[in-house]
Amino acid sequence: MTTVLARTVLRKADSALHPMAWRPVLLIASAVAAVLVLVSPRYGYFADELYFIAAGHHPSWGYADQPPLIPLLASTLDRLAPGSLVVLRSPAALAMAAGVVVTALIARELGGGRRAQIAAAGTWAVTAQFASAGHMLTTWSIDPVLWTTATWLLVRWTRLRDDRLLLWAGAVTAVALQVKFLIPVLWLGVGIAALLTGPRDLLRRPTLWCGAVLCALTLTPTLLWQHANGWPQLQMPATVASENSTGWLTLPLAVACAGLVGAVAVCFGTWRLLRAPHLSPYRYLGWAAIGIALAFAAVDGRPYYVAGLFGLLYAVAAVEWEHRPIRRWIVGTAYAASAVIAIAALPILPMPVIPKHDVFARGSIGWPELTAAVADAHRSTPPGTEVITHDYWSASALHHYGPAVGITGVHSGSRGFWHLSRPSGGQVLYVGGTRDYLLQHFREVRPMTTVDTGLAVDTYYEGTTIWLASGPRAPWPDLWPEFQRMGIFDGSTGTGAELPGATTGVG
16 MTTVLARTVL RKADSALHPM AWRPVLLIAS AVAAVLVLVS PRYGYFADEL YFIAAGHHPS
76 WGYADQPPLI PLLASTLDRL APGSLVVLRS PAALAMAAGV VVTALIAREL GGGRRAQIAA
136 AGTWAVTAQF ASAGHMLTTW SIDPVLWTTA TWLLVRWTRL RDDRLLLWAG AVTAVALQVK
196 FLIPVLWLGV GIAALLTGPR DLLRRPTLWC GAVLCALTLT PTLLWQHANG WPQLQMPATV
256 ASENSTGWLT LPLAVACAGL VGAVAVCFGT WRLLRAPHLS PYRYLGWAAI GIALAFAAVD
316 GRPYYVAGLF GLLYAVAAVE WEHRPIRRWI VGTAYAASAV IAIAALPILP MPVIPKHDVF
376 ARGSIGWPEL TAAVADAHRS TPPGTEVITH DYWSASALHH YGPAVGITGV HSGSRGFWHL
436 SRPSGGQVLY VGGTRDYLLQ HFREVRPMTT VDTGLAVDTY YEGTTIWLAS GPRAPWPDLW
496 PEFQRMGIFD GSTGTGAELP GATTGVG
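Residue numbers (the numbering used here): 16 to 522.
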């Protein structure tokens with residue numbers, strides 16, 4: 016009886032909202048998914064995708080730099096459809112399409128009608144950050160959608176006070192914790208804002224804490240793995256900060272990643288969330304958004320860390336714009352310009368004209384050619400020579416492409432790859448690094464060749480030296496820990512010297 020009554024009350028509460036504009040919103044979502052799937056075969060695997068596949072081939076409850084879900088998903092899809100970038104990247108395309116729908120749902124919850132819902136959905140669709148992330152299977156292509164879903168449930172709870180929504184938010188958070196360890200920052204910001212500005216009863220709801228217990232239970236295996244391996248994840252914030260070097264430019268860069276309409280919506284939406292009287296019940300979410308953004312900037316986090324807040328702010332802006340007299344040609348021009356910017360973030364350029372600053376494009380090119388160069392050098396070494404690379408990008412590429420050309424075992428001390436395997440022989444072929452570095456670990460070191468992919472674009476591994484090193488200075492169980500490092504490029508790997516790694520890692 017109680018359940019039936021609750022459902023009746025909810026139906027009446029929802030009837031007070033504008034109807035959901037399902038047809039145009041789903042049309043926008045379908046268009047987003049179609050475009051992302053269409054461009055997904057372009058160039059090749061992004062380096063982190065190859066790392067996820069390699070990590071997933073070593074199933075574990077955790078990894079040095081991330082939770083286990085994306086490696087498990089990547090390796091499973093690669094087994095189901097070997098070599099298919101379309102299949103591998105389909106979850107990212109679907110996630111971005113889902114983000115369109117959830118953003119429109121937030122706009123509806125805030126009282127937005129058809130125009131507001133379409134505007135919110137359209138703003139997500141033309142966001143450059145989501146276009147860039149949505150054509151690759153990465154942690155940052157899935158995580159923002161889960162953040163957005165959690166904020167939708169919070170907005171809905173704020174309106175309805177239906178505590179079951181908090182339990183669902185806990186379930187979404189539990190999934191997000193298997194993708195990336197960022198979402199606790201969302202809840203910390205929400206909790207502090209609710210405590211300081213209300214609604215304080217949010218923190219007294221039993222279902223909120225039941226959701227927290229669910230998250231703790233699902234995260235326990237990963238935490239046990241981290242404990243058993245010395246908590247390597249705790250090194251990631253410092254690693255990201257050392258690679259990032261954007262400082263307080265993190266916030267302007269994050270806003271810029273939203274694109275033209277998105278940047279305006281983020282700023283306007285934040286302001287209205289804090290100032291509009293009719294949005295006062297949701298004001299705590301505005302303060303939470305500001306606190307979260309400042310926290311990421313303070314620790315020099317990556318600009319895309321705040322992308323999970325975009326959906327909420329887009330929805331607020333769209334609702335506030337709905338009844339304002341904005342000329343249609345201005346709106347149309349702004350969305351068209353944003354769409355052009357978003358399309359430019361996709362892998363559409365011919366290889367010869369890819370700019371040097373395009374990390375994602377250059378990080379998706381040249382892996383078969385790099386593998387061929389290493390294989391040529393490997394064939395001239397004595398039997399039993401193992402391959403070690405200086406960074407996990409190249410190790411992941413060799414893990415994927417190497418077996419077809421006779422390379423069956425690859426190791427690297429870089430980031431999470433260090434935990435996947437370790438060498439055991441007396442002689443290694445080392446990709447990258449310097450002679451002085453290798454002489455710290457081996458008695459004899461000589462160059463074999465340098466990498467020349469022969470491509471029309473300058474890959475990150477052009478000119479990388481491939482070394483033959485022999486005579487380990489200690490047994491491998493003692494020597495291998497000396498190779499462990501959380502960074503990617505350190506200036507000794509081809510043109511990777513130009514990369515501080517600001518937007519290249521899995522962090």
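Don't be surprised by glycine CBs; every beta carbon is placed ideally from N, CA and C.
- Cβ-based neighbour list, Trp183, same chain, cut-off 7 Å, excluding 5 preceding and 5 following: Leu168
Does the segment 158-173 come into contact with the segment 317-330, if we say contact requires no fewer than three beta-carbon pairs (one atom in each stretch) closer than 8 Å?
yes
So what does Ile403 bridge to, in DSSP terms? His426 and Tyr445
**Q.** Backbone CA spacing between Pro34 and Leu42 [nearest angstrom]
**A.** 16 Å
For His488 and Phe311, what's the separation of their Cα atoms in angstroms? The question names His, but residue 488 in the sequence shown is Arg. Taking the straight line joining both Cα atoms gives about 42 Å.
Taking Pro292 as the reference, give the member of Ala278, Gln250 and Glu335 with the closest Cα.
-> Glu335
Would you call the segment 424-439 and the segment 450-470 touching, i.e. three or more CB-CB distances under 8 Å?
no
Query - C-alpha gap between Ala536 and Asp493, whole angstroms - result: The requested residue 536 is not part of the displayed model; the chain covers only 16 to 522.
*Could you round the C-beta distance between Ala62 and Ser411 to whole angstroms and report it? I think they count as a contact, below 8 Å.*
6 Å
Query raised in the report: Cα-Cα, which of Asp178, Leu32 and Ala360 is closest to Val54?
Result: Ala360
field: Start and end residues, beta strand (DSSP E) containing Phe457
entry: Phe457 to Thr465
Exercise. In this structure, does DSSP put Leu483 in helix, strand or coil?
Worked result: strand
(Q) Using C-beta distances below 8 Å, list every residue in its chain close to His393, excluding the 5 sequence neighbours before and after it, in chain order. (A) Thr400, Val402, Gly421, Ile422 and Leu444
Worksheet entry | Proximity of Cys230 and Leu192 at Cβ, strictly below 8 Å | yes
Buried or exposed: where does Lys195 fall if 16 or more other Cβ atoms within 10 Å of its Cβ makes it buried? buried
Notebook entry, point to check: How long is the line joining the alpha carbons of Thr386 and Gly417, rounded to whole angstroms?
Noted result: 6 Å
Q. According to the neighbour-count rule (16 or more other Cβ atoms, all chains shown, within 10 Å of its Cβ), is Glu363 buried or exposed?
A. Correcting the residue identity first, residue 363 is Ile in this sequence and not Glu. Burial call: exposed.
task: Less than 8 Å between the CB atoms is what I'm expecting for Gln241 and Gly486, so what's the real figure, rounded?
output: Contact flag wrong, Cβ pair sits at about 35 Å.
Does Gly502 have its Cβ less than 8 Å from a Cβ in chain B? No chain B appears in this structure, which consists of one protein chain only.
- Minimum C-alpha distance to Tyr407 - residue among Asn244, Tyr58, Arg38 and Phe67: Phe67
**OP:** Let me know the secondary structure DSSP gives Arg500 once reduced to three states.
**Re:** strand
_What does the Cβ neighbour count give for Gly98, buried or exposed, with the cut at 16 atoms within 10 Å?_
exposed
Give a yes or no on contact between the segment 114-121 and the segment 248-259, applying the rule of three or more CB pairs nearer than 8 Å. no
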